[in-house]
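Q:
Residue numbers (full-length UniProt numbering): 1 to 488.
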């Protein structure tokens with residue numbers, strides 16, 4: 001059962017080939033077998049919720065028997081541990097929230113519950129979503145199922161690893177600068193970052209509020225369409241949620257690509273891109289041309305400034321968002337503080353990891369008097385230029401295509417001593433977040449036995465078009481069907 005896609009599992013439940021309880025037990029057994037950190041597993045889950053999962057599965061089976069089931073009723077999935085989940089530990093992979101039991105559900109969790117999806121547990125991640133390798137987690141690094149000596153990408157590395165190892169048929173993720181797309185590329189998945197405002201951020205613990213966006217991580221574009229249908233929609237509780245109609249994402253998956261104009265940014269195919277990755281992307285372009293698409297070179301002249309702009313804006317917002325974690329109302333509290341100042345200082349120093357402390361300090365500096373105009377304001381001006389570059393490019397094309405990551409999964413520990421090298425792993429993804437645009441990564445082949453991802457970027461609200469392009473590509477390729485041998 002674990003080799004089936006989300007759509008295939010939903011169809012199997014509809015035909016009564018198996019029950020949701022049987023399906024849920026199967027995945028819980030695989031998690032116990034392959035994931036436990038103590039037994040050398042890939043460490044993709046922080047919390048597994050068998051009692052909750054089996055209760056939800058039983059309710060799903062009852063709903064199907066009564067004829068009141070939805071499309072995904074009874075299908076299991078994993079939730080990234082950044083989404084508040086009522087009665088379940090929600091940690092953001094940080095010591096700061098190690099003991100936090102959420103009293104409410106994030107809107108994403110509520111929508112998944114309402115759709116009848118079964119939550120298997122909460123997945124590991126980079127601490128407070130800060131990282132590109134899933135090595136900053138308080139609960140230890142996640143291993144890439146394709147090579148357990150390598151990283152799965154981040155920050156949604158736990159979700160990516162869980163789906164790649166078939167410890168869940170699908171998972172939620174969040175993307176602030178590439179944190180859905182980059183791990184999807186490194187783990188051979190389909191990962192979608194929707195337009196900013198497409199999915200509610202209510203109950204999703206904030207890193208950088210103007211950049212964060214939730215999205216699905218699945219095996220196929222069809223699965224991503226199914227899960228996005230559940231997650232998307234306006235939420236009055238979230239001031240950044242946009243009231244825009246949600247189309248039937250599955251309805252247009254099979255549309256022809258005849259006449260589709262694909263933009264190829266020259267900045268995405270130059271220095272820094274590995275030769276093998278570049279060759280696989282070119283092969284994918286030829287497949288899309290066979291389906292009727294045409295290509296045109298486009299220019300994103302300010303894309304090279306996306307990394308420095310991002311690493312001013314994101315830390316500035318994280319400095320503000322994480323100021324609430326001070327050991328007073330909730331979160332880690334130091335022992336025997338001498339006074340209030342000592343409580344603040346030691347609680348935060350003990351509760352946050354090195355990368356989170358680094359970004360808080362950078363952000364606080366950028367927002368400080370005398371430096372705000374020189375750094376934060378300038379970065380926001382660059383952000384506007386990046387958005388204008390995309391607007392100009394989309395006047396010439398329908399979608400933009402390129403690599404998701406500059407290289408395949410690197411070895412655990414290889415870049416931990418060099419933050420800049422780590423930050424550059426998101427060089428092709430960050431601009432999309434700065435502009436608020438939808439983007440997705442799909443499997444495009446293997447280099448040295450490791451997955452390579454193809455990135456698609458579209459104008460605002462073009463998720464249906466991206467899913468259509470991805471689905472048609474997946475109809476003529478089988479990269480997305482490959483499973484790591486050790487987990488088959």
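Yeah, the Cβ is synthetic: ideal placement off N, Cα and C, and Gly gets one too.
Predicted, not measured: the structure shown is a model, and the values here were computed from it.
On the premise that residue 146 lies in contact with residue 437, defined as a C-beta separation below 8 Å, what is that separation, rounded to the nearest angstrom?
A: About 29 Å separates the two Cβ atoms, so there is no contact after all.
Q: Distance check for residue 394 and residue 108, CA to CA, integer angstroms please.
A: Rounded to whole angstroms, residue 108 to residue 394 spans 30 Å at the Cα level.
Q: When you compare each of 214, 356, 307, 172 to residue 318 by their alpha carbons, which one comes out closest?
A: Among 214, 356, 307, 172, the Cα nearest to that of residue 318 belongs to 356.
Q: Are residue 428 and residue 268 closer than 7 Å when you measure CB to CB?
A: Result yes, Cβ atoms of residue 428 and residue 268 sit closer than 7 Å.
Q: Report the rounded CA-to-CA distance for residue 333 versus residue 76, giving the unit in angstroms.
A: In a straight line, the C-alpha of residue 333 is about 35 Å away from that of residue 76.
Q: Please report how far the alpha carbon of residue 440 lies from the alpha carbon of residue 182, in whole angstroms.
A: Whole-angstrom Cα-Cα distance: 9 Å.
Q: Spatial neighbours of residue 237 within its chain, please: CB distance less than 6 Å, with the 5 preceding and 5 following residues excluded, ordered by chain position.
A: Taken in chain order, the residues that qualify are 202.
Q: If you reduce the DSSP assignment to three classes, tell me which class residue 144 lands in.
A: Three-state result, residue 144: strand.
Q: Please list, in chain order, all residues of the same chain as residue 294 whose beta carbon is under 8 Å from its beta carbon, the five residues on each side excluded.
A: Same-chain partners within the cutoff: 259, 260, 261, 262.
Q: Bridge partners of residue 150, per DSSP?
A: For residue 150, which the question treats as bridged, DSSP gives the partners 411.
Q: Considering only DSSP beta bridges, list what residue 447 is partnered with.
A: Its beta-bridge partners are 450.
Q: Per DSSP, which one or two residues make a beta bridge with residue 175?
A: Answer is 213, bridged to residue 175.
Q: Take the Cβ of residue 143 as the centre, count every other Cβ of all protein chains shown within 10 Å, and call the residue buried at 16 or more, exposed below.
A: Residue 143 should be labelled buried.
Q: Could I get the ranges of all uninterrupted beta strand (DSSP E) runs contained in the stretch 41-114, with 3 residues as the minimum, in chain order?
A: Qualifying beta strand (DSSP E) stretches, in chain order: 45-48, 76-80.
Q: Less than 7 Å separating the beta-carbons of residue 194 and residue 215?
A: Cβ atoms of residue 194 and residue 215: closer than 7 Å.
Q: CA-CA distance, residue 279 and residue 403?
A: If I take the Cα positions, the gap works out to 10 Å.
Q: Applying the 10 Å Cβ sphere with the 16-neighbour rule, what's the burial state of residue 372?
A: Label assigned to residue 372: exposed.
Q: When burial is assigned at 16 or more other CB atoms within 10 Å of the CB, is residue 270 buried or exposed?
A: Label assigned to residue 270: exposed.
Q: Would you decide whether residue 342 is buried or exposed? Buried here means 16 or more other CB atoms lie within 10 Å of its CB.
A: Answer is exposed; the Cβ neighbour count stays below 16.
Q: Give me the residue from 125, 167, 176, 10 with the minimum Cα distance to residue 152.
A: Out of 125, 167, 176, 10, 125 has the C-alpha closest to the C-alpha of residue 152.
Q: Am I right that residue 408 and residue 448 are in contact with their C-beta atoms under 8 Å? What's the rounded C-beta distance?
A: Indeed, because the Cβ distance is near 7 Å, the residues count as touching under 8 Å.
Q: Where do the N-terminal and C-terminal ends of the alpha helix (DSSP H) with residue 157 fall, by residue?
A: Note, residue 157: alpha helix (DSSP H), 157-164.
Q: Taking 8 Å as the threshold, find out whether the stretch 89-104 comes into contact with the stretch 8-22 through three or more Cβ pairs.
A: Not touching, per the Cβ criterion.
Q: Counting only the same chain and skipping the five closest in sequence on each side, list residues whose C-beta sits under 6 Å from that of residue 196.
A: Once the five neighbours on either side are set aside, the close Cβ partners of residue 196 are 213, 436.
Q: The ligand NAD heavy atoms versus the CB of residue 335: any closer than 6 Å?
A: What this structure holds is no ligand at all, so the ligand NAD is not there to describe.
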